[in-house]
Structure formats: C-alpha cells, structure tokens
Amino acid sequence: MTAIGLFAGIGGIELGLARAGHRTKLLCENELGAIAVLHERFPEIPVHADVCDLEKLPRGTQLVAAGFPCQDLSQAGTTAGIRGERSGLIDEVFRLLRTHDVPWLLLENVPFMLQLHQGQALDHIVTALEELGYAWAYRVVDSRSTGLPQRRERVYVVASKVGDPRDVLLVDDAGEPAPPALERWRDVACGFYWTEGLRGLGWAVDAVPTLKGGSTIGIPSPPAIVLPSGEIVQPDIRDAERLQGFEADWTLPSNEVQRSGHRWKLVGNAVTVDVAAWIGKRLVEPGTYDPGSDEPLHRTRKGSWPRAAWGAKSERWISFVSAWPVREATPPLEKFLRYPTRPLSVRAAAGFYSRARQAKLRFPPGFLELVERRANFSLRA
Ligand SMILES: C[S@@+](CC[C@H](N)C(=O)[O-])C[C@H]1O[C@@H](n2cnc3c(N)ncnc32)[C@H](O)[C@@H]1O
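Numbering (my numbering), first residue to last: 444 to 824.
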C-alpha cells in the first residue's frame, strides 16, 4: 500500500510497514530531533512539519498511519483527554480523511485512554470513524509478543472502507503466556522505573517496563535493571532503540539539533517496529476472523472500553483476543543487552528508596534491600 505517516516521530510505524512491503510517500512531524532522524533514515521521503497546515493528502494514498500524541491521554501526562491541546490533534487526521477517500487507517495510542474520562477518547475516535464510513477494530498489543523483552502495551486501531479490519488486527491470537514467577526475579534481569515509587513500580520480570517519552519527574529517562548479580544498572540508548525494534543508533541524527538525552524521549514515544511490521504483514495477507465468541458492546452506561472491540455504523462488539497476537521467542533481557550498561547513580537509588519506603507498595522480597545497599554505597565506601 501507499502510506502516509502522520505524527511520524522517528518512523517506528513506517519502518515496520516498510518491512512488510508498504511504501510511505509522505511523513508529517514537527519536532526538530525527530525530523533530523526522519531525514537521515528515510532520505527519499518528504517531511511536512505541522499536521495542522497540511491541506490535503497526496492523491493515491491507501493507508494513513498516525500514532497521535499521547500526552493528554496517558497516566503520567496531563490527563486533559481527547480534547486536550495535543491529543486533540487526532481531529486533524479526521479533517484530512474528509478531503480524501482513504481505504485504510492505522492509529496507535496508550491503553490508559480506554479508561480515562470513562473512555471518552474511544467514543470520540470510533464515532468519527463511523461517521466517515469506516469499519473499525482495535486491540491492546504487548510488544513482548513480537520477541522483544519490553513490556509495552499499546492500543492499535485499524479501520477500513474496503476490507474487514478484524481480519488484520484480531485474527491472530497466540494467547498471553503465564507470567514469569515473581520468585524468579533474582535469576533473571528485571526492569523497573526508579523515577516512580509512589504510584507504581513499573516492575517487569526478564523485560524492561514500557520505555517512556516522559516520566513522573518530568524528564525522559532510562529504566533501571536489576541484574542477577545484584547490580542495578541502566541500559544504553542503543539497547533502548533495539528494545523498540530499531537498529542501534537509529536516533543518533537527533544529536545534531538536540541534546543527547532527547533520544530517550524519541525512543519512548515511538511505536515498536515489530508490532507495526506484524500489522503490515496482515494488511498484505489478511486472515478470516471468527467472531463466534464475541459479545455485543453496549455503551449506554459510561465506563471503560474493553481491551479489544470492533464495529461499524450499526454495530459494536467486544472481542476477547489477548494482547499477544503472536508469540515470538524472546531472548532473556540480560542476553539481549549488547551495549555497556552504567550503574544507577547513588542519588537515583537513594531517591527511589525513600519514595518506595513511603509508598505502601509490595516489592519482591530482597529487592528494596538491594536498592538500599546501592543508596548507601557512598556512605560505606
Ligand atoms: C506518539 S509520537 C509518534 C511516534 C511515532 N509513531 C514513532 O514511531 O516514532 C507523536 C508525534 O507527534 C508529533 N507531533 C505533535 N504535534 C504535531 C503536529 N502539530 N504536527 C506534526 N507532528 C506533531 C510529536 O512531535 C511526536 O513525535
């Protein structure tokens, strides 16, 4: 398909679609660091800056892809919602779709939007799609299913005027594997967010938690990883890029226009390449979805949206597919990391330790002791 990438960021969706054989003809992105990456990595594709002054889509566009801004829809963001200044930019996508009969659409955003403000974001999105004449399907997908040791759940929406989006997005279901036993945490590398500690640990066994474009303390930052040796380290940005399915140093060109820490933001905001590639492949070769066990979705009572659903103008249904459409073999996190890690600073460990002590969260036995040991490192040294 001939695709257009709106809110292209560093091109996670576009790279994944390219792996499946689709060709992007135009990118739209207004942040300087991301634009530098796009120019370097997709030199032949023009980049338009602001979606708001993109008047129309190029003739022949078959697929519009848009991982639209999540700041107003995420737990750590403004929670202003779908009418927020940034997430409200989804309306620019709908404006463009009114100017051009685009057969296929792919959207991506954070799962918190399913529950924020009783699910208003999804109400807004599917209502707009139905008015535009699209059939739609959406689903939460975990990036770990594609073989990367990053626990990252995102909502993917596929809509179409010519095909059945369920046959693309809902047809595969490998089922979620049993979670790794928490007692195993000392045998494998475990990721956590040292910037958190009051609202949630963001703990992941043999994986890193979701790489994020921002954090509760305002700056994008790498997660921490407890290694089986007991060391607490932070991964290199090149491994973070790989954890999102990019090749190492994919975002290096942003250093020409931004400070180097900005790369964490770009990587955290990106769509996992391998998930986009799986969707891209199913767009080329759809299956046949069996809705036999689906249930009607009644949105009379306001509340959260389910984790997967589909519909069109006259009907809406809940699907019970898992967040694991496929189950690619995933290397252990410790083996996956290829670049030198650096120890979590004593200051970071001390800050996390004191927040964690205040919070009444339950930690795996022995974990806080390791953090405490790191936090007291300078005192004992
Ligand atoms: C969630 S990120 C998308 C990430 C992208 N799909 C990727 O894989 O890297 C949203 C992007 O929208 C961009 N953006 C925000 N406002 C914009 C605007 N008015 N015009 C174009 N892009 C915009 C942001 O700079 C950010 O890169």
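Yeah, the Cβ is synthetic: ideal placement off N, Cα and C, and Gly gets one too.
Note that the coordinates shown come from a computational prediction; the quantities given were computed from them, not determined experimentally.
Item to check | Environment of A824 [buried if 16+ CB atoms lie within 10 Å] | outcome: Reading the sequence shown from its first residue, position 381 is the one you call residue 824. Because the pLDDT of A824 is 45, which lies under 50, any placement of that residue in the model is unreliable, and the question is left without a value.
Next on the checklist: Can you look up A824 in the DSSP assignment and give me helix, strand or coil?
Outcome noted: Position 381 of the sequence shown holds residue 824. Because A824 sits at a pLDDT of 45, beneath the cut-off of 50, its placement in the model cannot be relied upon, and the point is left open.
Checklist entry - Just checking my contact of L654 with A683 at CB under 8 angstroms: how many whole Å lie between their CB atoms? => result Counting from one through the sequence shown, the residue named residue 654 turns up at place 211. Counting from one through the sequence shown, the residue named residue 683 turns up at place 240. Their Cβ separation, rounded to whole angstroms, is 6 angstroms, which keeps L654 and A683 in contact under 8 angstroms.
Checklist entry - Is T638 buried or exposed, if buried means 16 or more other CB atoms sit within 10 Å of its CB? => result As a position in the sequence shown, residue 638 is number 195, starting the count at 1. Burial call: buried.
Next on the checklist: By alpha-carbon positions, which one of I447, F485, A799 and G459 ends up nearest to R502?
Outcome noted: To locate residue 502, count along the sequence shown from 1; it is residue 59. Checking every option, the nearest Cα to that of R502 belongs to I447.
Checklist entry - Would DSSP call Q518 helix, strand or coil? => result The residue labelled residue 518 in the question sits at position 75 within the sequence shown. Here Q518 sits in coil by DSSP.
Checklist entry - Is it the case that the Cβ atoms of V769 and A617 are separated by a distance below 8 angstroms? => result By 1-based counting over the sequence shown, the position of residue 769 is 326. By 1-based counting over the sequence shown, the position of residue 617 is 174. It is a contact, given that the beta carbons lie within the stated cut-off.
Next on the checklist: Restricting to Cα atoms, I'd like to know which of L559, P739 and T467 is closest to S387.
Outcome noted: Given a span of 444 to 824 for the chain in the structure shown, any question on residue 387 remains unanswerable.
Checklist entry - Cα-Cα, which of D534, V584, E483 and T542 is closest to H567? => result As a working mapping, residue 567 is identified with position 124 in the sequence shown. Of the listed residues, the one whose Cα sits closest to H567 is D534.
Item to check | Identified DSSP bridge partners for S603 | outcome: The residue you call residue 603 lines up with position 160 of the sequence shown. S603 pairs with W547 and A578.
Item to check | Contact under 8 angstroms by Cβ, P774 with W760 | outcome: By one-based count along the sequence shown, residue 774 stands at place 331. By one-based count along the sequence shown, residue 760 stands at place 317. No.
Item to check | For G730 and D610, believed in contact at Cβ under 8 angstroms, the rounded distance | outcome: Here residue 610 corresponds to residue number 167 of the sequence shown, with the count starting at 1. Here residue 730 corresponds to residue number 287 of the sequence shown, with the count starting at 1. Sure, about 5 angstroms apart at Cβ, within 8 angstroms.
Item to check | Among T542, A578 and S586, nearest to A720 - alpha-carbon criterion | outcome: Working through the sequence shown from its first residue, we reach residue 720 at position 277. Nearest option by C-alpha distance: S586.
Next on the checklist: Looking only at its chain, what residues have a beta carbon closer than 7 angstroms to the beta carbon of G452, apart from the 5 residues adjacent to it on each side?
Outcome noted: For the purposes of this step, residue 452 is identified with residue 9 of the sequence shown, where counting begins at 1. A distance below 7 angstroms between beta-carbons, with the five flanking residues on each side excluded, links G452 to the following residues of its chain, in chain order: E472, A477, G510, L709, N712 and A713.
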